[in-house]
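Colleague: Take this structure, written in structure tokens, and hold onto it; I'll ask about it next.
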Amino acid sequence: MVALPRLLSVDILPFFALFLPLGGFLVLSLFEPALRRDREERGAGILACATVVLSFAASAWTALHLGDAAQGLEAVRAQYHLPPRASPYMPYQPWIGFDWIDVAGLRVPIALLLDPLTSVMTLVVTGVGSLIHVYSLGYMAHDEDRVRYFSYLNLFTFFMLLLVMGSSLLLMFIGWEGVGLCSYLLIGFWYRKKSAADAGKKAFIVNRIGDAGLIVGMIVAFHAFGTLDLFPLTDAAAARPAEHWGELGPITAVALLLFVGACGKSAQIPLHVWLPDAMEGPTPVSALIHAATMVTAGVYMVARLAPLYARSETAMAVVAVIGTATALMAATIALVQTDIKRVLAYSTISQLGYMFLACGVGAFGVAIFHLFTHAFFKALLFLGSGSVIHAMGGEQDMRRMGGLWRRIPWTFGTFVVGSLAIAGIPPLAGFFSKDAILGSALEERHAVLFALGMATAALTAFYMARLLFLTFFGRFRGGHEAEHHLHESPWVMLAPLVLLAIGSATVGFVKVPELLAPVFRLPEAAARHPGWLPIAATLVAVLGIAGAYWLYLIFPETPARIRSAVHPAERVLEEKYGFDRAYDGFARRVVVDGSRKALWQGLDATVIDGAVNGAGRFTAGVSSAVRLVQTGLVRGYALLILGGAVTL
150 MVALPRLLSV
160 DILPFFALFL
170 PLGGFLVLSL
180 FEPALRRDRE
190 ERGAGILACA
200 TVVLSFAASA
210 WTALHLGDAA
220 QGLEAVRAQY
230 HLPPRASPYM
240 PYQPWIGFDW
250 IDVAGLRVPI
260 ALLLDPLTSV
270 MTLVVTGVGS
280 LIHVYSLGYM
290 AHDEDRVRYF
300 SYLNLFTFFM
310 LLLVMGSSLL
320 LMFIGWEGVG
330 LCSYLLIGFW
340 YRKKSAADAG
350 KKAFIVNRIG
360 DAGLIVGMIV
370 AFHAFGTLDL
380 FPLTDAAAAR
390 PAEHWGELGP
400 ITAVALLLFV
410 GACGKSAQIP
420 LHVWLPDAME
430 GPTPVSALIH
440 AATMVTAGVY
450 MVARLAPLYA
460 RSETAMAVVA
470 VIGTATALMA
480 ATIALVQTDI
490 KRVLAYSTIS
500 QLGYMFLACG
510 VGAFGVAIFH
520 LFTHAFFKAL
530 LFLGSGSVIH
540 AMGGEQDMRR
550 MGGLWRRIPW
560 TFGTFVVGSL
570 AIAGIPPLAG
580 FFSKDAILGS
590 ALEERHAVLF
600 ALGMATAALT
610 AFYMARLLFL
620 TFFGRFRGGH
630 EAEHHLHESP
640 WVMLAPLVLL
650 AIGSATVGFV
660 KVPELLAPVF
670 RLPEAAARHP
680 GWLPIAATLV
690 AVLGIAGAYW
700 LYLIFPETPA
710 RIRSAVHPAE
720 RVLEEKYGFD
730 RAYDGFARRV
740 VVDGSRKALW
750 QGLDATVIDG
760 AVNGAGRFTA
770 GVSSAVRLVQ
780 TGLVRGYALL
790 ILGGAVTL
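Positions in the sequence shown are counted from 1; adding 149 to them yields our numbering.
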């Protein structure tokens with residue numbers, strides 16, 4: 150093992166960025182009993198926040214000096230006679246020549262990626278994650294298990310960083326499974342509550358289904374390309390002939406199998422059902438899952454493997470169609486939700502669909518751009534909803550809210566910024582990234598995808614305005630006791646909201662697709678789009694907001710009449726298109742009942758009981774036969790002796 154020489158001042162910072170949250174988890178877990186006293190519990194939260202803030206600082210410093218680090222790594226490669234890479238951005242290798250696995254042709258080195266895509270993702274994970282950690286200091290201040298909570302939050306951050314920094318599919322898979330484990334622990338954090346425990350199990354099981362596709366995809370990838378390292382794998386795929394529509398070659402097979410895993414993690418049809426139920430966890434956990442970790446993993450994996458997907462027309466079409474269908478479906482379901490967090494949950498599913506739409510039309514940089522902007526305004530909206538729930542004493546039903554803007558003005562102001570950003574109102578962040586996605590679809594002449602994307606944009610503006618008006622405007626509908634309880638959140642919760650609101654208003658000006666161009670080495674689909682598109686997208690958003698204003702503020706009795714007129718359609722939306730009912734029926738009738746019949750009637754009753762009872766019947770038969778010989782008569786015994794003698 151050869152130690153990596155000191156390159157620059159940033160040579161060690163990626164390690165700090167990765168392992169500081171893990172260190173926080175280990176300290177909090179090992180010393181949890183000693184930290185359970187009140188003062189020490191506050192210190193535990195501060196320690197957890199400090200590790201992620203320092204990780205963000207290390208990530209930011211590394212990102213600022215990325216070009217110098219890449220040059221230094223090129224010098225190291227020359228020193229150790231390693232072949233040059235086609236990409237100017239090198240894998241950051243902590244130990245040159247150290248292999249984790251090297252057997253039967255499978256070589257997996259321990260290496261971290263250091264390129265613009267990694268930098269964008271680590272900044273999102275640690276930056277937004279830091280604000281969520283700080284917010285949790287106030288939100289979880291009175292929870293008796295907050296030491297355990299902060300330890301899980303640190304572990305979640307570590308595994309997500311490992312996922313985005315790992316240089317091979319195998320290292321990525323470890324992080325992938327780690328975030329799945331942490332989501333189970335945090336969604337079911339209040340495990341004494343049955344709905345929370347069930348939601349955690351549901352998230353874990355549904356993600357295991359997607360992960361099965363990911364594992365098979367990794368096996369096929371190794372068989373087809375002989376490596377699981379990300380750069381050699383994508384280089385090998387790019388060197389092969391493109392696989393056209395309907396052609397199921399190794400590239401298409403690997404891409405589709407890996408996309409099954411992405412559908413599980415990023416909650417795309419048909420594996421989207423776990424994410425709305427994940428709202429049973431603490432609200433900061435919802436913010437972390439939806440904005441900075443977990444659900445972004447699938448989008449990141451597809452973007453990281455862009456050269457692979459770009460060689461398969463079938464895979465690209467499947468990604469685009471699934472993303473568009475998910476975006477539209479989730480947006481329609483959000484129209485009828487009454488739980489403030491569930492509206493945001495379906496909003497996340499819809500926005501992830503937008504990201505996959507961008508990937509499917511070849512605009513991978515635009516997909517990451519929307520991931521980047523979405524992290525800010527979705528974290529803002531979830532933390533804002535947590536502030537609303539905090540003010541309402543735990544109430545989440547928007548039908549019992551109203552008129553809150555007077556009582557919680559800071560929460561209201563920041564929530565407006567987040568709502569307008571996700572609706573796509575200029576000059577907020579969501580306008581730029583969503584416009585780029587629609588432009589990508591239009592540029593590639595996907596007229597149907599573009600039209601459905603525009604329709605989804607209108608629905609997004611409508612349901613977010615509906616949420617805003619039901620929660621903050623009109624009369625208060627929660628009763629006198631709840632109204633007496635209303636109060637603004639403490640500043641430890643409001644400060645992250647303000648910072649996220651500033652980010653939601655400004656990060657759209659960051660040229661993320663241009664920054665990522667060297668990573669993908671592919672032409673971006675949204676390089677040019679018509680000048681009328683931003684105007685059209687803005688008008689669509691304004692019409693959606695105006696429709697919600699007209700229905701919920703000007704004529705508040707109209708929605709009830711509309712629901713009565715279209716009750717069958719509303720019922721379909723309330724049933725979430727029947728996915729949960731179908732899966733529940735399958736699980737009960739096929740898995741549970743089928744297992745009972747197969748194991749009890751088939752195995753236990755037939756095989757096991759048959760063997761035991763058969764042994765008894767055999768013994769009884771043998772004893773009956775022997776009993777016929779044992780008559781007690783001397784002439785019988787003499788006859789047997791004579792027969793034996795003759796035989797001998």
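The C-beta atom is built at its ideal place from N, Cα and C for all residues, glycine as well. Note that this is a predicted model, so its numbers are computed, not measured.
1) Cα separation between L424 and A494?
2) Checking 8 angstroms against the spacing of the C-beta atoms, do F564 and L530 come in under that value?
3) According to the Cβ coordinates, are S316 and A260 closer than 8 angstroms?
4) Unbroken alpha helix (DSSP H) runs of length 4 or more, entirely within the segment 346-404: which are they?
5) Does DSSP classify S316 as helix, strand or coil?
6) Below 8 angstroms on the Cβ atoms is my guess for F735 versus L649; work out the distance and round it to an integer in Å.
7) Just to confirm the assignment, what range does the alpha helix (DSSP H) spanning F618 have?
8) Between G514 and F622, how many whole angstroms is the CB-CB distance? I'm expecting something under 8 angstroms.
9) Could you give the residue range of the alpha helix (DSSP H) that holds P576?
10) Using DSSP's beta-bridge definition, name the partner residues of D729.
11) Measure the alpha-carbon distance for L532 versus G509 and round it to whole angstroms.
12) In the DSSP assignment, what residue or residues form a beta bridge with S461?
13) Excluding five sequence neighbours on each side, which residues of the same chain lie with their C-beta closer than 6 angstroms to the C-beta of E462?
14) Could you give the distance in angstroms between the alpha-carbon of E724 and the alpha-carbon of R730?
15) Could you tell me the alpha carbon to alpha carbon distance between D426 and V668, rounded to whole angstroms?
16) Let me confirm a value: W640 is counted as buried when at least 16 other C-beta atoms fall within 10 Å, else exposed. Which label applies?
17) When you compare each of W559, A590, R556 and K527 to V468 by their alpha carbons, which one comes out closest?
18) In the DSSP assignment, find the alpha helix (DSSP H) that holds L424 and state where it starts and stops.
19) Based on the DSSP secondary-structure assignment, which residues constitute the bridge partners of D292?
20) If S536 and T497 are in contact, beta carbons under 8 angstroms, what's the gap, nearest whole angstrom?
21) Smallest Cα separation from F307: which of Y458, E593, H716 and L171?
22) Would you grab the beta carbon distance between G413 and G359 for me? Rounded to a whole angstrom, and I think it's under 8 angstroms.
23) Where does the unbroken alpha helix (DSSP H) through P662 begin, and where does it stop?
24) Using 8 angstroms as the threshold, is the segment 287-300 in touch with the segment 683-696, meaning 3 or more CB pairs across them?
25) Assuming I586 contacts A474 under a Cβ cut-off of 8 angstroms, what Cβ separation, rounded to an integer in Å, is found between them?
26) Which residues bound the alpha helix (DSSP H) around K490?
27) Would V451 and A391 qualify as a contact pair, given that the criterion is a beta-carbon distance under 8 angstroms?
28) Residues bridged to D546 by DSSP?
29) Would you call the segment 195-202 and the segment 164-181 in contact, with 3 or more CB pairs under 8 angstroms?
30) Flag this pair as touching only if the segment 426-442 and the segment 319-339 have three or more C-beta atom pairs under 8 angstroms; answer yes or no.
31) Comparing C-alpha positions only, which one of A614, V659, I538 and Y726 sits nearest to S638?
32) Taking its Cβ as the centre, do 16 or more other Cβ atoms sit within 10 Å of P645, making it buried, or is it exposed?
33) Could you check the C-alpha separation between I694 and P705 for me, to the nearest Å?
34) Assign P683 to one of three DSSP states: helix, strand, or coil.
35) Contact check, L319 vs G366 under 8 angstroms by CB: the rounded distance?
Modeller: On the basis of the coordinates in this document:
1) Mapped onto the sequence shown, residue 424 falls at position 275. Mapped onto the sequence shown, residue 494 falls at position 345. Between L424 and A494, the C-alpha separation is close to 7 angstroms.
2) For this step, residue 564 is matched to residue 415 along the sequence shown. For this step, residue 530 is matched to residue 381 along the sequence shown. Closer than 8 angstroms, so yes.
3) Indexing the sequence shown from 1 puts residue 316 at position 167. Indexing the sequence shown from 1 puts residue 260 at position 111. Yes, the pair counts as a contact, with Cβ atoms nearer than the cut-off.
4) 379-388
5) By 1-based counting over the sequence shown, the position of residue 316 is 167. In this structure, S316 counts as coil in the three-state DSSP scheme.
6) Taking the sequence shown and counting its residues from 1, one reaches residue 735 at position 586. Taking the sequence shown and counting its residues from 1, one reaches residue 649 at position 500. With 8 angstroms as the limit, F735 and L649 do not qualify as a contact, their Cβ atoms being about 40 angstroms apart.
7) As a working mapping, residue 618 is identified with position 469 in the sequence shown. Taken as a continuous stretch (DSSP letters only), the alpha helix (DSSP H) holding F618 covers A596 to F621.
8) For this step, residue 514 is matched to residue 365 along the sequence shown. For this step, residue 622 is matched to residue 473 along the sequence shown. Not quite, the Cβ-Cβ distance comes to about 38 angstroms (not below 8 angstroms), so this is no contact.
9) What you label residue 576 is simply residue 427 of the sequence shown in a count that begins at 1. That residue, P576, is in no alpha helix (DSSP H); it is neither H nor E in DSSP.
10) As a working note, residue 729 is residue 580 in the sequence shown. In DSSP, D729 forms no bridge with anything.
11) As a working note, residue 532 is residue 383 in the sequence shown. As a working note, residue 509 is residue 360 in the sequence shown. The alpha-carbon atoms of L532 and G509 are separated by roughly 31 angstroms.
12) Mapped onto the sequence shown, residue 461 falls at position 312. Answer is E392.
13) Within the sequence shown, residue 462 is the residue found at index 313, counting from 1. Cβ neighbours of E462 beyond the five flanking positions: H393 and W394.
14) Your numbering for residue 724 matches position 575 in the sequence shown. Your numbering for residue 730 matches position 581 in the sequence shown. Looking at the two C-alpha atoms, the distance is approximately 8 angstroms.
15) Residue 426 sits at position 277 when you count from the first residue of the sequence shown. Residue 668 sits at position 519 when you count from the first residue of the sequence shown. Near 36 angstroms, if we compare the C-alpha coordinates of V668 and D426.
16) Translated into positions along the sequence shown, residue 640 becomes position 491. Answer is exposed; the Cβ neighbour count stays below 16.
17) Here residue 468 is taken as the residue at index 319 of the sequence shown, counted from 1. Per the Cα distances, A590.
18) Translated into the one-based positions of the sequence shown, residue 424 becomes position 275. From DSSP, the alpha helix (DSSP H) with L424 extends over W423 to D426.
19) Stepping through the sequence shown from its first residue, residue 292 is reached at position 143. BP columns for D292 are empty, so no partner.
20) Along the sequence shown, one-based indexing puts residue 536 at 387. Along the sequence shown, one-based indexing puts residue 497 at 348. Wrong, their Cβ atoms sit about 18 angstroms apart, outside the cutoff.
21) Taking the sequence shown and counting its residues from 1, one reaches residue 307 at position 158. The shortest Cα separation from F307 among Y458, E593, H716 and L171 belongs to L171.
22) In the sequence shown, residue 413 corresponds to position 264, counting from 1. In the sequence shown, residue 359 corresponds to position 210, counting from 1. Indeed, because the Cβ distance is near 2 angstroms, the residues count as touching under 8 angstroms.
23) For this step, residue 662 is matched to residue 513 along the sequence shown. Per DSSP, P662 belongs to the alpha helix (DSSP H) from V661 to F669.
24) no
25) As a first step, residue 586 is located in the sequence shown; it is residue number 437 there, counting from the start. As a first step, residue 474 is located in the sequence shown; it is residue number 325 there, counting from the start. Not really, about 15 angstroms apart at Cβ, beyond 8 angstroms.
26) Here residue 490 refers to the residue found at position 341 when the sequence shown is read from its first residue. It spans I489 to G509 - the alpha helix (DSSP H) in which K490 sits, taken as one unbroken run.
27) The sequence position of residue 451 within the sequence shown is 302, counting from 1. The sequence position of residue 391 within the sequence shown is 242, counting from 1. Cβ atoms of V451 and A391: not closer than 8 angstroms.
28) Position 397 of the sequence shown holds residue 546. D488.
29) yes
30) yes
31) What you label residue 638 is simply residue 489 of the sequence shown in a count that begins at 1. Comparing Cα positions, the closest option is I538.
32) Counted from its first residue, the sequence shown places residue 645 at position 496. Answer is buried; the Cβ neighbour count reaches 16.
33) For this step, residue 694 is matched to residue 545 along the sequence shown. For this step, residue 705 is matched to residue 556 along the sequence shown. The alpha-carbon atoms of I694 and P705 are separated by roughly 15 angstroms.
34) As a position in the sequence shown, residue 683 is number 534, starting the count at 1. In the structure shown, P683 sits in a helix (DSSP, three-state: H, G or I).
35) Along the sequence shown, read from residue 1 onward, the residue named residue 319 stands at position 170. Along the sequence shown, read from residue 1 onward, the residue named residue 366 stands at position 217. Actually they are not in contact, since the Cβ atoms of L319 and G366 sit about 12 angstroms apart, beyond 8 angstroms.
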